[in-house]
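Quick notes on the structure that follows.
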Amino acid sequence: MGLIRPSKMINKGMNESKIPVNEPYLGQREKELVNECLESGWISSSGKYIEKFESQFSEYCECAAGVTTTSGTTAIHLALKSLGVGPGDEVLVPAFTMVGSVYPIVQCGASPVFVDSEPDTGNMDIQDLERKITSSTKVILIVHIYGHPADMDPICDLARSRNVKILEDAAEAHGALYKGRKAGSLGDVGCFSFYANKIITTGEGGMVVSNDMALIRKARQLKDLAHGKIRFTHDLPEAFNYRMTNIQAAIGLGQLGRIEDTIQKKIKNAKQYTNQLKDISCLKLPVCRPWARNVYWMYGVQLMDNERFTKDQLMVALKNEGIDTRSFFYPLHTQKAFQKYGKQDCPNAESLGKRGFYLPSGQTLTVSQVSRVAETLSQLLEK
Ligand SMILES: Cc1ncc(COP(=O)(O)O)c(C=O)c1O
Numbered sequence: 004m005g006l007i008r009p010s011k012m013i014n015k016g017m018n019e020s021k022i023p024v025n026e027p028y029l030g031q032r033e034k035e036l037v038n039e040c041l042e043s044g045w046i047s048s049s050g051k052y053i054e055k056f057e058s059q060f061s062e063y064c065e066c067a068a069g070v071t072t073t074s075g076t077t078a079i080h081l082a083l084k085s086l087g088v089g090p091g092d093e094v095l096v097p098a099f100t101m102v103g104s105v106y107p108i109v110q111c112g113a114s115p116v117f118v119d120s121e122p123d124t125g126n127m128d129i130q131d132l133e134r135k136i137t138s139s140t141k142v143i144l145i146v147h148i149y150g151h152p153a154d155m156d157p158i159c160d161l162a163r164s165r166n167v168k169i170l171e172d173a174a175e176a177h178g179a180l181y182k183g184r185k186a187g188s189l190g191d192v193g194c195f196s197f198y199a200n201k202i203i204t205t206g207e208g209g210m211v212v213s214n215d216m217a218l219i220r221k222a223r224q225l226k227d228l229a230h231g232k233i234r235f236t237h238d239l240p241e242a243f244n245y246r247m248t249n250i251q252a253a254i255g256l257g258q259l260g261r262i263e264d265t266i267q268k269k270i271k272n273a274k275q276y277t278n279q280l281k282d283i284s285c286l287k288l289p290v291c292r293p294w295a296r297n298v299y300w301m302y303g304v305q306l307m308d309n310e311r312f313t314k315d316q317l318m319v320a321l322k323n324e325g326i327d328t329r330s331f332f333y334p335l336h337t338q339k340a341f342q343k344y345g346k347q348d349c350p351n352a353e354s355l356g357k358r359g360f361y362l363p364s365g366q367t368l369t370v371s372q373v374s375r376v377a378e379t380l381s382q383l384l385e386k
């Protein structure tokens with residue numbers, strides 16, 4: 004099968020022995036579908052692939068319907084708006100997440116309340132969640148961090164008992180399973196990102212999925228400038244243009260056809276890393292709870308106290324060996340942007356931000372590349 008590897012083309016001339024942290028994998032099917040859009044002239048948000056992608060991806064997620072958007076961030080904004088979040092509401096959200104989970108809360112005029120993390124999975128800590136829920140909480144925004152699903156049963160019980168909605172940010176967890184059920188289908192609404200480094204990509208893009216058809220109708224209306232039954236008539240005081248293009252949906256469909264192979268490749272890479280790294284005492288490796296399918300969107304490790312390196316120094320040492328890595332998120336409650344929401348206590352999130360980084364995790368990695376990364380790490384940490 005023919006492959007198009009954009010980052011390779013962009014990095015033309017780059018030392019081939021370098022191992023990038025991630026590479027998108029685009030196949031012949033995507034090329035054919037995109038060409039069909041170009042040849043037919045269906046290049047905007049009308050066209051058959053949008054509906055196909057929405058129905059096939061939401062079906063994959065075990066949800067009744069899906070609404071495509073321009074990004075994961077706009078999917079979250081659309082979902083929050085469709086849940087009726089507004090000024091005076093609080094949204095509980097992990098301190099340890101990508102900022103795309105949080106800016107949409109602020110855009111709704113609501114306040115983020117940052118919740119601490121479990122030290123191993125990085126997912127929301129349920130005891131801290133229970134401490135921080137108040138009568139102003141409208142939504143619990145769960146993030147399935149780095150591909151490991153959050154422990155949803157106690158979260159759903161808590162939400163139900165307090166009449167609070169659950170939004171799952173599954174931007175990093177396409178195909179992850181919680182007790183056999185798909186991430187994104189476990190709360191009231193699920194949101195996905197299709198950015199180039201995600202498990203499936205449309206370049207940029209996102210989707211809202213749900214079993215609640217009233218919510219889906221609302222999201223559809225808000226995403227497309229709230230046109231009334233008669234076009235160019237509008238009842239809503241606010242709406243957005245968050246339309247994905249037919250070309251992006253065509254890429255997504257091609258990617259979706261291979262999603263299980265992609266996930267199996269990620270799991271295989273993770274198993275190899277764990278096998279090769281398990282005896283390095285200062286490295287904390289990712290875990291997988293017995294009830295989970297962790298899809299290992301990224302293989303994240305934590306460097307525990309040791310005399311040789313700080314995390315940043317180790318990342319530089321790996322870079323010098325041609326191995327690209329990325330830091331974990333810097334927890335958002337410590338950042339200037341969110342100080343006005345008050346001081347919040349999230350020590351585990353701070354520890355993850357200080358110690359964590361992820362290794363090359365792309366689906367194009369070869370067995371020998373994973374070996375080289377693991378061997379280089381071992382040599383650096385154990386020499
Ligand atoms: C957990 C999480 N939420 C939200 C987003 C935002 O998605 P996008 O970059 O498509 O806006 C990301 C993207 O990287 C993410 O990792």
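Each residue of the sequence shown is one higher than the one before, starting from 4 at the first, in my numbering.
C-beta atoms are modelled at their ideal positions from N, C-alpha and C, and glycine is treated no differently.
Every value quoted in this text rests on a predicted model; they were computed, and no experiment measured them.
- Cβ atoms of Gly325 and Ser20 come within 8 Å of each other, at about 5 Å.
- Under the Cβ criterion (8 Å, minimum of three pairs), the stretch 238 to 250 does not count as touching the stretch 60 to 68.
- In the structure shown, Gln305 adopts extended strand secondary structure according to DSSP, grouped into three states.
- When distances are taken from the beta-carbon of Ser354 to the heavy atoms of ligand 1, even the shortest one reaches 6 Å or more.
- Taking C-beta atoms under 8 Å as the contact rule, Asp172 and Ile145 qualify, at a distance of about 7 Å.
- Within a 10 Å sphere around the beta-carbon of Glu175 sit 16 or more other beta-carbons, which makes this residue buried.
- With respect to the 7 Å criterion, Thr205 and Gly150 are not classified as neighbours on the basis of their beta carbons.
- Residues of the same chain with a CB within less than 6 Å of the CB of Asn351, apart from the 5 flanking positions on each side, are Asp119, Ser120 and Pro122 in chain order.
- Taking all protein chains in view, the Cβ of Val319 is surrounded by fewer than 16 other Cβ atoms within 10 Å, so the residue is classified as exposed.
- In the DSSP assignment, Tyr361 forms a beta bridge with Gly303 and Arg329.
- According to the DSSP assignment, Cys40 belongs to the alpha helix (DSSP H) that extends over Gln31 to Ser43.
- Runs of the beta strand (DSSP E) spanning 3 or more residues and lying entirely within the stretch 151 to 228 occur at 168 to 172, 192 to 196 and 209 to 213, in chain order.
- Counting C-beta atoms within 10 angstroms of its own C-beta, Gln305 has 16 or more neighbours from the protein chains shown and is therefore classed as buried.
- By alpha-carbon distance to Ala199, the top candidate from Asn272, Thr73, Lys232 and Gln347 is Thr73.
- For Phe60, the secondary structure class from DSSP, reduced to helix, strand or coil, is helix.
- For Ala98, the closest C-alpha among the options Lys201, Thr337 and Thr77 is that of Thr337.
- Taking 7 Å as the cut-off, the Cβ atoms of Cys111 and Val96 do not count as close.
- According to DSSP, Pro115 shares a beta bridge with Val94.
- Its chain contains Ala113 and Lys141 as the residues whose beta carbon lies nearer than 6 Å to that of Asp92, once the 5 sequence neighbours on both sides are disregarded; these appear in chain order.
- Straight through space, the alpha carbons of Pro363 and Phe331 are spaced by roughly 13 Å.
- Annotation: Asp282 to Ile270 spans about 20 Å, alpha carbon to alpha carbon.
- Short note on Ala174: C-beta closer than 6 Å to some heavy atom of ligand 1.
- Looking only at Glu39, Asn214 and Val37, the smallest Cα-Cα distance to Lys185 is reached by Asn214.
- Rounded to the nearest angstrom, the Cβ distance from Ile46 to Asn249 is 6 Å, consistent with a contact under 8 Å.
- In this structure, Ala273 keeps its C-beta atom at 7 Å or more from the C-beta atom of Leu81.
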